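In UniProt numbering, the protein residues as written are 1 to 116. Using N, Cα and C, we set each Cβ at its ideal position, and we do this for glycine too. A quick note: this is a predicted structure, and the numbers were derived from the prediction, not measured. Step one of this worksheet: look at the structure below.
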């Protein structure tokens, strides 16, 4: 019987809210809430739902200025003590924004656990 490797979990950026600006001048990363301890994979739909209204409003308000708004999809549902998985995922997301858009201002907006 062939063995399969366990897939490595990776954080990811959700699609940009609204229309992606042709020239991005700044980015808001929305950091959804979660649980204190959980190694379960978070539901992308539930994570986005907690920040969807804020994301739409920010995208609409900042569209003319080239603002891009993304939700950060975490690897794990929980903070998990000293592992602080969401903090590491947020740091990765900030680096990914610089890779994608260049040296632009990045704002982190967290809800619940995402604001830790």
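Name, in chain order, the residues that DSSP records as bridge partners for residue 110. Bridge partners of residue 110 according to DSSP: 31.
Rounded to the nearest angstrom, what separates residue 54 and residue 82 at their Cα positions? Cα-Cα distance, rounded: 29 angstroms.
If we call anything under 8 angstroms between Cβ atoms a contact, is residue 68 one with residue 31? No, these two residues do not count as a Cβ contact at 8 angstroms.
Limits of the unbroken beta strand (DSSP E) element including residue 68: Counting along the chain, the beta strand (DSSP E) containing residue 68 begins and ends at 67-73.
Cα-Cα separation between residue 34 and residue 28, rounded to whole angstroms: Taking the straight line joining both Cα atoms gives about 19 angstroms.
Residue 86: buried (16+ other C-beta within 10 angstroms of its C-beta) or exposed? Looking at its Cβ environment, which holds 16 or more other Cβ atoms inside 10 Å, residue 86 is buried.
Backbone CA spacing between residue 25 and residue 79 [nearest angstrom]: Straight-line measurement puts the Cα of residue 79 at about 31 angstroms from the Cα of residue 25.
Residue environment, residue 77, which counts as buried when at least 16 other CB atoms sit within 10 Å: With 16 or more neighbouring CB atoms inside 10 Å of its own CB, residue 77 falls in the buried class.
Test item: CB-CB of residue 104 and residue 14 under 8 angstroms: At a Cβ-Cβ threshold of 8 angstroms, residue 104 and residue 14 do not count as neighbours.
Apply the 10 Å Cβ neighbour rule to residue 10 and answer buried if 16 or more other Cβ atoms are within range, or exposed otherwise. Label assigned to residue 10: exposed.
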